[in-house]
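Enquirer:
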Ligand code: GDP
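Numbering (this note's numbering), first residue to last: 138 to 878.
(1) Flag residue 187 as yes when its Cβ comes closer than 6 angstroms to any non-hydrogen atom of the ligand GDP, and as no otherwise.
(2) In terms of residues, what are the limits of the beta strand (DSSP E) holding residue 851?
(3) Does the region 770-777 come into contact with the region 665-680, if we say contact requires no fewer than three beta-carbon pairs (one atom in each stretch) closer than 8 angstroms?
(4) Please report the Cβ distance between residue 332 and residue 287, rounded to the nearest whole angstrom; I am assuming they are in contact, meaning their Cβ atoms lie under 8 angstroms.
(5) Out of curiosity, what's the CA-to-CA distance linking residue 653 and residue 553?
(6) Apart from the five residues on each side of it in sequence, which residues of its chain come closer than 6 angstroms, Cβ to Cβ, to residue 867?
(7) On a CA-only basis, which of 571, 503 and 843 is nearest residue 520? Give me that one, please.
(8) From 397, 234, 779 and 171, pick the residue whose C-alpha is nearest to that of residue 541; which is it?
(9) How would you label residue 841, buried or exposed, when you count the other beta carbons within 10 angstroms and need 16 or more for buried?
(10) Where are the beta strand (DSSP E) runs, 3 residues long or more, that stay fully inside the region 664-713, in chain order?
(11) Let me know the secondary structure DSSP gives residue 504 once reduced to three states.
(12) Return the chain-ordered list of same chain residues with a C-beta closer than 8 angstroms to the C-beta of residue 563, the five sequence neighbours on each side being excluded.
(13) In whole angstroms, what is the alpha-carbon distance linking residue 616 and residue 765?
(14) Considering just the uninterrupted stretch of the beta strand (DSSP E) at residue 343, what are its terminal residues?
(15) Please state whether DSSP places residue 208 in a helix, a strand or coil.
(16) Quick check on residue 487: buried or exposed, where buried means 16 or more other Cβ atoms within 10 Å of its Cβ?
(17) What do you get for residue 814, buried or exposed, if any count of 16 or more other CB atoms within 10 angstroms of its CB means buried?
(18) Just the Cα atoms here: how many angstroms apart are residue 171 and residue 394?
(19) On the DSSP letters alone, give me the boundaries of the alpha helix (DSSP H) that residue 726 sits inside.
(20) Please report the residue range of the alpha helix (DSSP H) in which residue 442 lies.
(21) Three or more C-beta pairs closer than 8 angstroms, one from the region 180-198 and one from the region 308-323: is that the case here?
(22) Which first and last residues belong to the alpha helix (DSSP H) in which residue 126 is found?
(23) Need the endpoints of the alpha helix (DSSP H) that residue 638 sits in, please.
(24) Measure the alpha-carbon distance for residue 780 versus residue 630 and round it to whole angstroms.
(25) Any heavy atom of the ligand GDP inside 6 angstroms of the beta-carbon of residue 879?
(26) Which term fits residue 681, buried or exposed, when burial requires 16 or more other beta carbons within 10 angstroms of its beta carbon?
(27) Taking Cβ positions only, does residue 575 come closer than 7 angstroms to chain B?
(28) Which partner residues of residue 367 appear in the DSSP bridge assignment?
(29) For the region 698-715 against the region 787-797, are there 3 or more C-beta pairs whose distance is under 8 angstroms?
(30) Is residue 318 near the ligand GDP, judged by its Cβ being under 6 angstroms from some heavy atom?
(31) Find out if the Cβ-Cβ distance for the pair residue 660, residue 761 is shorter than 7 angstroms.
(32) Counting only the same chain and skipping the five closest in sequence on each side, list residues whose C-beta sits under 7 angstroms from that of residue 855.
(33) Out of 586, 655, 448 and 809, state which residue places its alpha-carbon closest to the alpha-carbon of residue 731.
(34) Are three or more beta carbon pairs between the region 438-446 and the region 462-480 nearer than 8 angstroms?
(35) Pull up the CB-CB distance for residue 257 and residue 178, whole angstroms please, since I reckon it's below 8 angstroms.
(36) What is the C-beta distance between residue 357 and residue 341, in whole angstroms, given that I count them as a contact (C-beta under 8 angstroms)?
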């Protein structure tokens, strides 16, 4: 009798072979379902200009190619095919793109040595202004490739992207790109990852040559050289050979370092090292995978996406090291009937359907798409899905997978898959779509609070109508963008993450919705919060003949930790407030939260517990409980030492050294907290946290102080209490005059 593990592996392999056969037969080629262990949902994260687009494009070339090669005999046919593909154009701008990869021994071999894998590449924006976009993509991917520039190493924005991946517990592999460029230095990039990012980063490949002599890589796990044929511009032909003699010592040393780094954290490899046994490729690879999936190790590869070198080994590494949906913790959610009761949604196929809509997308060919990730169960075309937020069900008529060159209709999607729904309404980013009988609310991504707002005024009546349609659509797509009507002035206000963000919105209003509108000066979005716990009581009692009103709510509030947002909990026991009135009381608290008490700004980071109250058999009503909720909350806030919070921006200035002193002086006049001054090549990089209200005129100031040679970027970082010394000024300005540029 065969051991269980072997039987399991046998079954697994035959299932995979069925998939291969299925793919070959199926005209579409790609829509058969994959076992979850053969799926990778990844993001490619990078500093702008590090080569994210080029790398993604190359991955799509090679994966599309390999998959379709089937019976292609020689490289020429393949090259022709790629030329045609290029002419047809390849979509790499989509919220998610599906591709396939099967590892092979030789680049053009027909023999599969691996099993076919499906790789979904989820778009992650490179611009830090769009933190929310990064956040929601991080939420649905299981692993990431961090692309670094081999010349610049770890750049400031790569740190931001890295920290975001850390925040969301995303396992990573690193790709040091641009190895062909003058000044490329692999060892330096790895050293910077360790020093600046604190990453436990170890090369799994070494470059063969650098700059214009960059010829390929040494695969340290298998100890072999992959050398690209210099005459093949497509990067398709490479030779797999012995490690060249002149690099043998370096490679042996690097492998030893890798083995020791792994042994420090992995028992299986540690035991081999202690016993002085060789660590074979398969054993090492599996250990690297275990550590990478647990975010304890970052394997580092290198190549040149532009010169088409080292991309196939990168895709191999995605399959080898990054987690499948089975290797990551279950998705956190809660019971919609009892918010506060956490529910876990593990990746299982035979269970009630549960998925997260993470992006709305207008596709030029099929129109409005809702991208979603399935966490549990499966969805068939024709099924109904339930949206716990709207408490509505909708029938799914079409499900698509987006490939680089085509959109494929699929009949079924299952746990681990990423796909797009067509023709659904009433769905917005962050919605859970699930089985009606087993509703779950998946933890939606959290979005940073807007820091800046602006009034927009349509020019004509027609513009007015287009404006509301346009704004509504834009807000649906982008949860960090808000629009509302100012209660007192009746003006339409748009709010977002920064001036650039609002500018893009205005531009889209003009181009896509043909709205002509004036825009007011940008204003700062202040917030309010409390600094102490306090109790509050609110009663709404009216007894004027006929039926009266009676609502009574007692609650406790406390600071909820910076960035933790709002939480309202029902802690009432024994029916002091009947169940049917609780939603109204909570509504009241929510309404009061939105208006603050100091200067009318929304409150953040407050935890509210409704603890007690009373009711009247006849006179109680929803309205009375709502009012009592408002009063109780305001009562508590007044005792809880409320403060005004201002948005603090994270500012990064890069300047030639000679202007450093002047720029620092200017920053300190702006109440900046400088926490880093670092030489980077010829430039000095200053990092500081600066209140947004003090950044008035910064673009002009930095230009004149540095004769136009310094550059800066900023992104919202956090909110902080306005210091007493400037509070009066801020309150005065916030009457509508607080502005910055
Ligand atoms: P993204 O902004 O991160 O998406 O970067 P792109 O892929 O658009 O690349 C930015 C620039 O770097 C483009 O001009 C690319 O041609 C170039 N580039 C990308 N990868 C490489 C590479 O491996 N070597 C060289 N020399 N240039 C590259």
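The beta carbon of each residue, even a glycine, is placed where N, CA and C say it ideally should be.
These numbers were taken from a predicted model, which means no experiment stands behind them.
Expert: So, from the data block:
(1) yes
(2) Looking at the DSSP string, the run of the beta strand (DSSP E) that includes residue 851 is 848-858.
(3) yes
(4) Not quite, the Cβ-Cβ distance comes to about 16 angstroms (not below 8 angstroms), so this is no contact.
(5) 44 angstroms
(6) 859
(7) 571
(8) 234
(9) exposed
(10) You should have 664-667, 671-679, 686-696 and 704-707.
(11) Residue 504: strand per DSSP, three-state reduction.
(12) For residue 563, where only same-chain residues beyond five positions count, the Cβ hits under 8 angstroms are 524, 527, 529 and 531.
(13) Each residue's alpha carbon lies about 31 angstroms from the other.
(14) 342-345
(15) Caution applies to residue 208, whose pLDDT of 32 falls short of 50 and renders its modelled position unreliable; the value that the coordinates give is listed next. It is coil, neither helix nor strand.
(16) A residue is called buried once 16 or more other Cβ atoms fall within 10 Å of its Cβ, and residue 487, having fewer, is exposed.
(17) The residue in question, residue 814, is exposed, as its Cβ has fewer than 16 Cβ neighbours within 10 Å.
(18) 36 angstroms
(19) 719-732
(20) Element bounds for residue 442: n/a, residue is neither H nor E.
(21) yes
(22) Outside the modelled stretch of the chain, which goes from 138 to 878, sits residue 126, for which no answer is possible.
(23) 636-650
(24) 24 angstroms
(25) Since the first residue shown for the chain is 138 and the last is 878, residue 879 is missing from the structure and cannot be characterised.
(26) Exposed, because fewer than 16 other Cβ atoms sit within 10 Å of the Cβ of residue 681.
(27) The structure shown contains no chain B; it is built from a single protein chain.
(28) For residue 367, which the question treats as bridged, DSSP gives no partner whatsoever.
(29) no
(30) yes
(31) no
(32) Counting only Cβ-Cβ distances below 7 angstroms, and skipping sequence neighbours, we find 699, 700 and 785.
(33) 586
(34) no
(35) 5 angstroms
(36) Yes, residue 357 and residue 341 are in contact; Cβ-Cβ is about 5 angstroms, under 8 angstroms.
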